[in-house]
Amino acid sequence: MMQHSAFKELCRLTLFFFLLFCTAPLGTFAYYSITTNNIESTTEKNAESPPNYAPAYLIMDYTNNWLMTDKPVYDPLLVSERKNQKLPTTLPPLTPYYGQKTVYLTFDDGPDPENTPIVLALLNEYQIHATFFLVGSQAEKYPDLIKQIFTAGHAIGNHSYNHNYKDLYRSPQTYLAQLHHTDEIIKQAIGVRPHISRAPGGSAGTFNKAYWNSLEQEGYCDVGWNISSGDASRGTAPQLVANIAEQIQNKALWSHATVLMHDGTGHGETVKALRQIIELFKSQGFEFRVVNFSTPSAW
Ligand SMILES: [Zn+2]
Numbered sequence: 062m063m064q065h066s067a068f069k070e071l072c073r074l075t076l077f078f079f080l081l082f083c084t085a086p087l088g089t090f091a092y093y094s095i096t097t098n099n100i101e102s103t104t105e106k107n108a109e110s111p112p113n114y115a116p117a118y119l120i121m122d123y124t125n126n127w128l129m130t131d132k133p134v135y136d137p138l139l140v141s142e143r144k145n146q147k148l149p150t151t152l153p154p155l156t157p158y159y160g161q162k163t164v165y166l167t168f169d170d171g172p173d174p175e176n177t178p179i180v181l182a183l184l185n186e187y188q189i190h191a192t193f194f195l196v197g198s199q200a201e202k203y204p205d206l207i208k209q210i211f212t213a214g215h216a217i218g219n220h221s222y223n224h225n226y227k228d229l230y231r232s233p234q235t236y237l238a239q240l241h242h243t244d245e246i247i248k249q250a251i252g253v254r255p256h257i258s259r260a261p262g263g264s265a266g267t268f269n270k271a272y273w274n275s276l277e278q279e280g281y282c283d284v285g286w287n288i289s290s291g292d293a294s295r296g297t298a299p300q301l302v303a304n305i306a307e308q309i310q311n312k313a314l315w316s317h318a319t320v321l322m323h324d325g326t327g328h329g330e331t332v333k334a335l336r337q338i339i340e341l342f343k344s345q346g347f348e349f350r351v352v353n354f355s356t357p358s359a360w
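Residue numbers (the working numbering): 62 to 360.
Here it is in structure tokens:
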């Protein structure tokens, strides 16, 4: 009798694990491990953090809706490759993550050989992660910086190819063409491309419905901001810190404070201010996250 119930229990357990195994979408995400010149993937089940793992998720198909990760999310395929392979390009409905106190530090217009390495070193010192919206024309000059951002576990986003408003905002097609071009440059450096993008100058006043529709059709998530460091108008480091300190008093932003900064050429003041900016959020108990599918829209 004892043996019989033990056998039944064993069967139950076997069935349970069998079902678990079948339903776990193991193929959906894969950790990517990166070595100097090649990227190899392993499925999540045997991802026991080898030392040089890039903490990123790869989205292989869009059929699952469990994208509540705190890691960057990338696609191994370009939009054109998806289309050629008749794979979906639009994303499933996404669930935003609202924290108690969550901050997304974002850096636009890089990579820059002077500023980006200092930003990376500081983020590493604090063991926090941020998001870099890269301009393609810069990115193609500094593929090693793209790799460094990626392997450190920060998120990479697409910030157009040439950042020229006249070229970019002629039509949704010209805008998308620049995203495609920059995707290719990023993929050439790290083997994957981002899904997140940020419109140069912001989407307000530049995007109409046609732009939003085109982005949606191709699975791009446009990312805005709700706190501006003011570094686009070239403030001094203390001014940038003061700007952020003032805006963060708005408690409505605490669940998803998205801070606009720049690490592009000429933004040395941002670099100077960064330690204090990080300290500001740290001292108030904020959680630092990278932008991905679960990041709520800024407004
Ligand atoms: Zn920009």
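C-beta atoms are modelled at their ideal positions from N, C-alpha and C, and glycine is treated no differently.
Quick check: is any heavy atom of ligand 1 less than 8 Å from the C-beta of residue 347? Mapped onto the sequence shown, residue 347 falls at position 286. It does not: the Cβ of residue 347 is nowhere closer than 8 Å to a heavy atom of ligand 1.
Could you give the DSSP three-state label for residue 341: helix, strand or coil? As a working note, residue 341 is residue 280 in the sequence shown. Per DSSP, reduced to three states, the secondary structure at residue 341 is helical.
Taking DSSP's pairing of strands, which residues face residue 216 in a bridge? In the sequence shown, the residue the question calls residue 216 occupies position 155. Paired residues: 192.
So the candidates are 189, 170, 224, 335; which of them puts its Cα closest to the Cα of residue 206? As a first step, residue 206 is located in the sequence shown; it is residue number 145 there, counting from the start. The residue with the shortest Cα to Cα distance from residue 206 is 170.
Classification of residue 163 by the beta-carbon crowding that lies within 10 angstroms, buried from 16 upward: Within the sequence shown, numbered from 1, the residue matching residue 163 stands at position 102. Residue 163 is buried by the Cβ-count criterion.
For residue 347, write down the residues that DSSP places opposite it in a beta bridge. Here residue 347 corresponds to residue number 286 of the sequence shown, with the count starting at 1. Looking at the DSSP assignment, residue 347 forms no beta bridge with any residue, so it has no partner.
Reducing DSSP to helix, strand and coil, say where residue 332 ends up. Sequence index remark: in the sequence shown, residue 332 carries index 271 (1-based). In the structure shown, residue 332 sits in a helix (DSSP, three-state: H, G or I).
Can you look up residue 318 in the DSSP assignment and give me helix, strand or coil? In the sequence shown, residue 318 corresponds to position 257, counting from 1. The answer is strand: DSSP assigns residue 318 an E or B state.
By Cβ distance below 6 Å, which residues in the same chain neighbour residue 348 in space, the five residues on each side in sequence not counted? The residue you call residue 348 lines up with position 287 of the sequence shown. Excluding sequence positions up to five before and after residue 348, its CB lies within less than 6 Å of the CB of 160, 163, all in the same chain and listed in chain order.
Is the region 202-216 touching the region 230-242 in the sense that three or more CB pairs, one from each, lie closer than 8 Å? no
With residue 216 and residue 351 assumed to form a contact (beta carbons below 8 Å), what rounded beta-carbon distance in angstroms separates them? Translated into the one-based positions of the sequence shown, residue 216 becomes position 155. Translated into the one-based positions of the sequence shown, residue 351 becomes position 290. With 8 Å as the limit, residue 216 and residue 351 qualify as a contact, their Cβ atoms being about 4 Å apart.
Does the distance between the C-beta of residue 259 and the nearest non-hydrogen atom of ligand 1 fall short of 8 Å? In the sequence shown, the residue the question calls residue 259 occupies position 198. Residue 259 Cβ: within cutoff of ligand 1.
What separation, rounded to the nearest whole angstrom, lies between the Cα atoms of residue 338 and residue 168? On the sequence shown, residue 338 is found 277 positions in, with the first residue counted as 1. On the sequence shown, residue 168 is found 107 positions in, with the first residue counted as 1. When rounded, the distance between both Cα atoms is 13 Å.
Using alpha carbons as the reference points, say which of 294, 222, 252, 251 lies closest to residue 259. In the sequence shown, counting from the first residue as 1, residue 259 sits at position 198. Among 294, 222, 252, 251, the Cα nearest to that of residue 259 belongs to 222.
Beta-carbon proximity check, residue 320 vs residue 158, cutoff 9 Å: Taking the sequence shown and counting its residues from 1, one reaches residue 320 at position 259. Taking the sequence shown and counting its residues from 1, one reaches residue 158 at position 97. No, these two residues do not count as a Cβ contact at 9 Å.
Bridge partners - residue 166, DSSP secondary structure assignment: On the sequence shown, position 105 is the one that residue 166 refers to. In DSSP, residue 166 forms a bridge with 320.
Look up residue 309 in the DSSP assignment and say whether it is helix, strand or coil. Here residue 309 refers to the residue found at position 248 of the sequence shown. DSSP places residue 309 in coil when its eight states are reduced to three.
Check whether the Cβ of residue 268 sits closer than 8 Å to any heavy atom of ligand 1, and report yes or no. Locating residue 268 in the sequence shown gives position 207, where the first residue counts as 1. Ligand 1 never approaches residue 268 closely enough for any of its heavy atoms to be under 8 Å from the residue's Cβ.
So what's residue 258 in DSSP terms, helix, strand or just coil? Taking the sequence shown and counting its residues from 1, the one referred to as residue 258 is at position 197. The answer is strand: DSSP assigns residue 258 an E or B state.
Using a 10 Å radius around the Cβ and a threshold of 16 neighbouring Cβ atoms, would you call residue 356 buried or exposed? Locating residue 356 in the sequence shown gives position 295, where the first residue counts as 1. It is buried - the Cβ of residue 356 has at least 16 other Cβ atoms within 10 Å.
Who are the near neighbours of residue 334 in its chain, counting only those whose CB is closer than 7 Å to its CB and skipping five residues on each side? Along the sequence shown, read from residue 1 onward, the residue named residue 334 stands at position 273. Result list for residue 334: 298, 301, 302, in chain order.
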